[in-house]
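Undergrad: I have a structure I would like to understand better, so I am pasting it below and will then ask my questions one at a time.
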Amino acid sequence: MIGKLRWVAAGVLMFLVVAIDFTSKMMSILADGVLVAGVIALLWPVFKSSK
Numbered sequence: 276m277i278g279k280l281r282w283v284a285a286g287v288l289m290f291l292v293v294a295i296d297f298t299s300k301m302m303s304i305l306a307d308g309v310l311v312a313g314v315i316a317l318l319w320p321v322f323k324s325s326k
């Protein structure tokens with residue numbers, strides 16, 4: 276019984292490692308996208324008025 280619980284606990288921990296890495300990567304991509312959108316929003320009037 277203890278052996279099965281150890282396997283289950285190890286499997287859950289491995290899943291959490293992958294899930295946290297994936298979530299971290301997605302959050303990083305989303306944060307970069309928000310920053311780029313902010314820069315574009317700030318500079319849009321400058322590009323539009325220079326025409």
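Each position in the sequence shown, counted from 1, maps to that position plus 275 in our numbering. Virtual Cβ for every residue (Gly too), placed ideally from N, Cα, C. Given the structure is predicted, the values throughout are model-derived calculations rather than measurements.
By the three-class DSSP mapping on this structure, what secondary structure does M276 have?
TA: Three-state result, M276: coil.
Undergrad: Report all residues from its chain with a CB closer than 8 Å to the CB of D296; omit the five preceding and five following residues, and keep chain order.
TA: Nothing listed; no residue qualifies.
Undergrad: Go through its chain and collect everything with a Cβ distance to G313's Cβ below 8 Å, but skip five positions before and after it.
TA: Closer than 8 Å at the Cβ level, and outside the excluded window around G313, lies no residue.
Undergrad: Please report how far the alpha carbon of G278 lies from the alpha carbon of A306, in whole angstroms.
TA: Approximately 42 Å between the Cα atoms of the pair.
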